[in-house]
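> Its first residue numbered 0, the sequence shown is counted upward by one per residue in the numbering used here.
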Amino acid sequence: MSALFLKYRPQTFTDLVGQTSVVKTLRNALKIEKPSHAYLFSGSRGTGKTSTARIFAKGLTCQNLKQGNPCGTCNFCRDISEGNLVDVIEIDAASNRGIDEIRELREKIQFAPNRAQRKVYIIDEAHMLTKEAFNALLKTLEEPPEHAFFLLATTEKHKLPETIISRCQNFIFNRFTLEQLIERLGEIAKTESFDTDQKSLELIARKAEGGLRDAISLLEQIAAETENKITPESVRESLGISDSETLSKFWSAILNKSSEDAFKILKEISKSGKDFRTFGHDFLGFLRDKLHENLDKKEVLDQVLPAIEEIEIALSRLKTSPIVDLPLEIAVVNLCSSAVNIVAKEPAPVIEKQVTPPSSTPKAEVTSIKEVKNEEPKPKEDDSGFIFSGKTERSHQKIEKAEAENTESLEISFDSIKEKMNEIAEKAGIPSFAKKSFLSTQPEFSAGKIVFRTESAFHLEKINTQNIRAAIQSAMIEIFGQKLLIDFGKLNGNGNGHSEVKQEVATADDFLQF
Numbered sequence: 000m001s002a003l004f005l006k007y008r009p010q011t012f013t014d015l016v017g018q019t020s021v022v023k024t025l026r027n028a029l030k031i032e033k034p035s036h037a038y039l040f041s042g043s044r045g046t047g048k049t050s051t052a053r054i055f056a057k058g059l060t061c062q063n064l065k066q067g068n069p070c071g072t073c074n075f076c077r078d079i080s081e082g083n084l085v086d087v088i089e090i091d092a093a094s095n096r097g098i099d100e101i102r103e104l105r106e107k108i109q110f111a112p113n114r115a116q117r118k119v120y121i122i123d124e125a126h127m128l129t130k131e132a133f134n135a136l137l138k139t140l141e142e143p144p145e146h147a148f149f150l151l152a153t154t155e156k157h158k159l160p161e162t163i164i165s166r167c168q169n170f171i172f173n174r175f176t177l178e179q180l181i182e183r184l185g186e187i188a189k190t191e192s193f194d195t196d197q198k199s200l201e202l203i204a205r206k207a208e209g210g211l212r213d214a215i216s217l218l219e220q221i222a223a224e225t226e227n228k229i230t231p232e233s234v235r236e237s238l239g240i241s242d243s244e245t246l247s248k249f250w251s252a253i254l255n256k257s258s259e260d261a262f263k264i265l266k267e268i269s270k271s272g273k274d275f276r277t278f279g280h281d282f283l284g285f286l287r288d289k290l291h292e293n294l295d296k297k298e299v300l301d302q303v304l305p306a307i308e309e310i311e312i313a314l315s316r317l318k319t320s321p322i323v324d325l326p327l328e329i330a331v332v333n334l335c336s337s338a339v340n341i342v343a344k345e346p347a348p349v350i351e352k353q354v355t356p357p358s359s360t361p362k363a364e365v366t367s368i369k370e371v372k373n374e375e376p377k378p379k380e381d382d383s384g385f386i387f388s389g390k391t392e393r394s395h396q397k398i399e400k401a402e403a404e405n406t407e408s409l410e411i412s413f414d415s416i417k418e419k420m421n422e423i424a425e426k427a428g429i430p431s432f433a434k435k436s437f438l439s440t441q442p443e444f445s446a447g448k449i450v451f452r453t454e455s456a457f458h459l460e461k462i463n464t465q466n467i468r469a470a471i472q473s474a475m476i477e478i479f480g481q482k483l484l485i486d487f488g489k490l491n492g493n494g495n496g497h498s499e500v501k502q503e504v505a506t507a508d509d510f511l512q513f
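#1: Measure how close the beta-carbons of residue 279 and residue 313 come, nearest whole angstrom, since I'm counting them as under 8 Å.
#2: With distance defined between alpha-carbon atoms, name the residue in 25, 165 and 50 nearest to residue 8.
#3: Suppose contacts are defined by Cβ-Cβ distances below 8 Å. Is residue 483 in contact with residue 472 by that definition?
#4: Which residue's Cα is closest to the Cα of residue 172: 46, 266, 287 and 221?
#5: As an exercise, report each continuous beta strand (DSSP E) stretch of at least 3 residues that is fully enclosed by the region 229-273, in chain order.
#6: Quick check on the DSSP output: the alpha helix (DSSP H) that includes residue 21 runs from which residue to which?
#7: Considering only their Cβ atoms, is the gap separating residue 109 from residue 144 smaller than 8 Å?
#8: What three-state label does DSSP hand residue 308 in the structure shown?
#9: Going straight from the alpha carbon of residue 229 to that of residue 421, what length do you get?
#10: Roughly how many angstroms separate the alpha carbons of residue 17 and residue 452, rounded to a whole number?
#11: Which residue spans inside the region 414-477 form an unbroken alpha helix (DSSP H) run of at least 4?
#12: Need the endpoints of the alpha helix (DSSP H) that residue 41 sits in, please.
#13: Which word fits residue 69, buried or exposed, when buried means at least 16 other C-beta atoms lie within 10 angstroms of its C-beta?
#14: Check for me: the beta strand (DSSP E) holding residue 515 runs from which residue to which?
#15: Does the distance from the C-beta atom of residue 240 to that of residue 281 stay below 8 Å?
#16: Just tell me which of 436, 413 and 38 has its CA closest to the CA of residue 479.
#17: Given residue 258, which residues of its chain have a CB within under 7 Å of its CB, disregarding the five upstream and five downstream residues?
#18: So, with DSSP's three-state summary, where would you put residue 172?
#19: How is residue 83 classed by DSSP in three states: helix, strand or coil?
#20: When the distance is taken between beta carbons, is residue 55 closer than 8 Å to residue 104?
#21: Taking the CB atoms as reference points, tell me whether residue 133 and residue 163 lie closer together than 8 Å.
#22: Using the beta-carbon count (16 or more within 10 Å), is residue 94 buried or exposed?
#23: What are the residues that DSSP puts in a beta bridge with residue 120?
#24: Pick from 226, 324 and 160: whose alpha carbon is nearest that of residue 272?
#25: Going by other Cβ atoms of all chains shown within 10 Å of its Cβ, with 16 needed for buried, is residue 302 buried or exposed?
#26: Measuring only the C-alpha atoms, how far is residue 119 from residue 79?
#27: Measuring straight from C-alpha to C-alpha, what distance separates residue 432 and residue 461?
#28: Kindly identify the DSSP beta-bridge partner or partners of residue 194.
#29: Only counting the same chain, and skipping five residues up and downstream in sequence, which positions put a Cβ closer than 6 Å to that of residue 575?
#30: Got a sec? Which residues, its chain only, sit under 7 Å from residue 246 by beta carbon, not counting five neighbours each side?
#31: Using CA atoms only, rank isn't needed, just tell me which of 165, 150, 234 and 128 is closest to residue 36.
#32: Among the candidates 190, 203, 136 and 184, whose CA atom is the shortest distance from the CA of residue 238?
Right, here's the structure in full:
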């Protein structure tokens with residue numbers, strides 16, 4: 000007995016769920032008998048790329064094509080379904096990725112088809128081919144024999160050379176909507192006589208994250224565990240999905256700044272053996288629902304947005320953390336402390352630039368921090384036009400002299416920052432593309448912050464996000480053991496990376512403590 004996702008794999012265009020525009024274009028190409036010789040199907044897993052390629056291969060060879068739709072019953076259609084037609088060759092690029100395999104393909108492609116009128120090559124996971132293999136394939140894609148057709152499928156289109164992409168007709172396969180997944184799961188459950196309900200199917204569909212194949216596999220897994228009696232409770236138990244009561248209690252603990260209560264919930268999750276990443280995803284979904292329900296309520300958004308950012312950072316660190324509980328525990332501590340203020344706005348610290356008196360021994364520039372009252376928010380920009388508005392309220396006012404006993408000094412030289420740039424990027428765990436952009440910057444003090452400036456607008460775009468800023472800021476706090484504020488901006492026209500110091504007020508939300 001085959002798996003359900005194989006049993007219910009679509010065999011004709013009529014069977015395909017979603018991807019309406021893709022299906023329409025492919026059917027029209029077959030209908031008017033003007034198919035292209037190379038197609039590229041890209042999209043996330045389980046969205047029907049390989050199934051569509053096989054159906055299109057049927058259309059290219061079908062003996063009874065009906066309005067661009069293969070009949071599914073002729074000899075060629077049946078043989079393709081069973082994988083027995085020698086003129087349709089499927090290549091798994093993940094295991095056949097070298098130049099030798101592509102050279103063999105180039106040699107054999109010149110021969111006429113054995114049975115059908117056309118020879119079709121389906122290359123799955125095409126992004127796995129080596130650079131040499133792509134180069135070998137390029138000429139064939141550019142000038143294919145009249146009888147040869149190529150269908151490439153990939154989940155990572157960005158890894159394919161532009162020269163390959165430009166020689167194919169490109170189709171993007173979108174993830175399925177929640178409604179489409181629920182409807183299809185309902186049809187399969189009814190056919191298979193599964194005892195289930197709408198809520199259970201919705202939980203499965205949400206867990207599948209837009210992939211129909213994943214959704215069908217999960218349905219089959221839970222049906223096997225529950226003897227075909229699928230309930231919301233059995234779905235949550237099987238997939239480790241957190242119930243709404245647990246998520247609400249966790250959120251209440253954060254709102255009440257009770258790290259102890261939040262830690263108890265995390266300990267219960269750990270004790271029960273549930274996956275922390277699954278819990279984090281569930282909690283993000285919970286916060287997302289809160290966000291959508293309260294778009295016009297600023298006080299609620301001020302609570303939800305910082306929490307979303309902290310949980311996202313924790314989830315990114317879960318992949319590499321040696322202690323699986325730790326990233327979420329750090330997020331809880333941050334959210335329940337003054338580091339991330341999600342309940343009430345606290346007095347914002349003013350950041351003031353001070354210069355140490357000249358001496359024979361060079362010293363690092365010093366910044367100091369003083370508490371002042373909030374004023375009306377007003378975005379402030381530096382000489383390069385980079386706006387320091389951030390995600391929180393800011394105000395611009397005259398800076399008072401800081402009293403030594405009430406300030407916290409930072410003494411960090413630019414040389415020490417520059418020397419540790421690579422270490423900062425590694426500890427922050429930022430993506431490789433952002434790391435390269437970060438390493439191209441020059442640090443300087445500006446408006447009381449350490450600003451990393453770059454001449455390139457491209458590099459600035461890659462690193463100037465809330466998540467990357469927060470990750471780098473927290474990494475610097477760990478490395479230098481000081482409370483810091485960082486930002487990103489462009490270098491001035493003179494290219495020296497320094498600018499006239501402008502003063503601004505930063506809110507308490509700008510500080511991340513670890």
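All C-beta atoms, glycine included, are put in the ideal place defined by N, C-alpha and C.
This is what the structure gives:
#1: On the sequence shown, position 280 is the one that residue 279 refers to. On the sequence shown, position 314 is the one that residue 313 refers to. About 6 Å; that satisfies the 8 Å criterion.
#2: Numbered from its first residue, the sequence shown carries residue 8 at position 9. With distances taken between CA atoms, residue 8 lies nearest to 50 out of 25, 165 and 50.
#3: Taking the sequence shown and counting its residues from 1, one reaches residue 483 at position 484. Taking the sequence shown and counting its residues from 1, one reaches residue 472 at position 473. In this structure, the beta-carbon distance from residue 483 to residue 472 falls below 8 Å.
#4: Translated into the one-based positions of the sequence shown, residue 172 becomes position 173. Checked all of 46, 266, 287 and 221; the closest Cα to residue 172 is 46.
#5: If we require 3 residues or more, the region 229-273 turns out to have no beta strand (DSSP E) run fully inside it.
#6: For the purposes of this step, residue 21 is taken as residue 22 along the sequence shown, with counting starting at 1. Secondary structure note for residue 21: its alpha helix (DSSP H) is the uninterrupted segment 19-30.
#7: Taking the first residue of the sequence shown as 1, we reach residue 144 at position 145. Taking the first residue of the sequence shown as 1, we reach residue 109 at position 110. Yes, these two residues count as a Cβ contact at 8 Å.
#8: Residue numbering aside, residue 308 sits at position 309 when the sequence shown is read from its first letter. Here residue 308 carries a helix assignment [DSSP, helix/strand/coil].
#9: By 1-based counting over the sequence shown, the position of residue 229 is 230. By 1-based counting over the sequence shown, the position of residue 421 is 422. If you take the alpha carbons of residue 229 and residue 421, they lie about 51 Å apart.
#10: For this step, residue 17 is matched to residue 18 along the sequence shown. For this step, residue 452 is matched to residue 453 along the sequence shown. C-alpha separation (whole angstroms): 45 Å.
#11: 420-427, 431-438 and 456-462, all fully within the region 414-477.
#12: If you number the sequence shown from 1, residue 41 lands on position 42. Unbroken run through residue 41 is the beta strand (DSSP E), 37-42; no alpha helix (DSSP H).
#13: Along the sequence shown, read from residue 1 onward, the residue named residue 69 stands at position 70. Buried, since its Cβ has 16 or more Cβ neighbours within 10 Å.
#14: Since the first residue of the chain shown is 0 and the last is 513, residue 515 is not available in this structure.
#15: On the sequence shown, residue 240 is found 241 positions in, with the first residue counted as 1. On the sequence shown, residue 281 is found 282 positions in, with the first residue counted as 1. For the 8 Å CB-CB criterion, residue 240 and residue 281 form a contact.
#16: Here residue 479 is taken as the residue at index 480 of the sequence shown, counted from 1. Taking only the C-alpha atoms, the option nearest residue 479 is 413.
#17: On the sequence shown, residue 258 is found 259 positions in, with the first residue counted as 1. Around residue 258: 331, 332 and 335.
#18: Taking the first residue of the sequence shown as position 1, residue 172 is located at position 173. Note: residue 172 maps to strand in three-state DSSP.
#19: Sequence index remark: in the sequence shown, residue 83 carries index 84 (1-based). Here residue 83 sits in coil by DSSP.
#20: Within the sequence shown, numbered from 1, the residue matching residue 104 stands at position 105. Within the sequence shown, numbered from 1, the residue matching residue 55 stands at position 56. A distance of 8 Å or more separates the beta carbons of residue 104 and residue 55.
#21: Counting from 1 along the sequence shown, the entry for residue 133 is found at position 134. Counting from 1 along the sequence shown, the entry for residue 163 is found at position 164. Against a cut-off of 8 Å, the Cβ pair of residue 163 and residue 133 comes out as a contact.
#22: Sequence index remark: in the sequence shown, residue 94 carries index 95 (1-based). Residue 94 is exposed by the Cβ-count criterion.
#23: Taking the sequence shown and counting its residues from 1, the one referred to as residue 120 is at position 121. The bridge partners DSSP lists for residue 120 are 88 and 149.
#24: Reading the sequence shown from its first residue, position 273 is the one you call residue 272. Distances from the alpha-carbon of residue 272 to those of 226, 324 and 160 put 324 closest.
#25: On the sequence shown, position 303 is the one that residue 302 refers to. It counts as buried.
#26: Start at 1 with the first residue of the sequence shown, and residue 119 comes out as number 120. Start at 1 with the first residue of the sequence shown, and residue 79 comes out as number 80. Approximately 11 Å, taken between the alpha carbons.
#27: By one-based count along the sequence shown, residue 432 stands at place 433. By one-based count along the sequence shown, residue 461 stands at place 462. In this structure, the straight-line span from the alpha carbon of residue 432 to that of residue 461 is close to 7 Å.
#28: As a working note, residue 194 is residue 195 in the sequence shown. Partner(s): 228.
#29: The structure shown has nothing for residue 575, since the chain only spans 0 to 513.
#30: By one-based count along the sequence shown, residue 246 stands at place 247. The answer, listed in chain order, is 281, 282 and 285.
#31: As a first step, residue 36 must be located in the sequence shown, where it is residue number 37. Ranking the options by Cα distance to residue 36, first place goes to 150.
#32: Position 239 of the sequence shown, counted from the start, is the residue given in the question as residue 238. Looking at the Cα atoms, 203 is the closest of the given residues.
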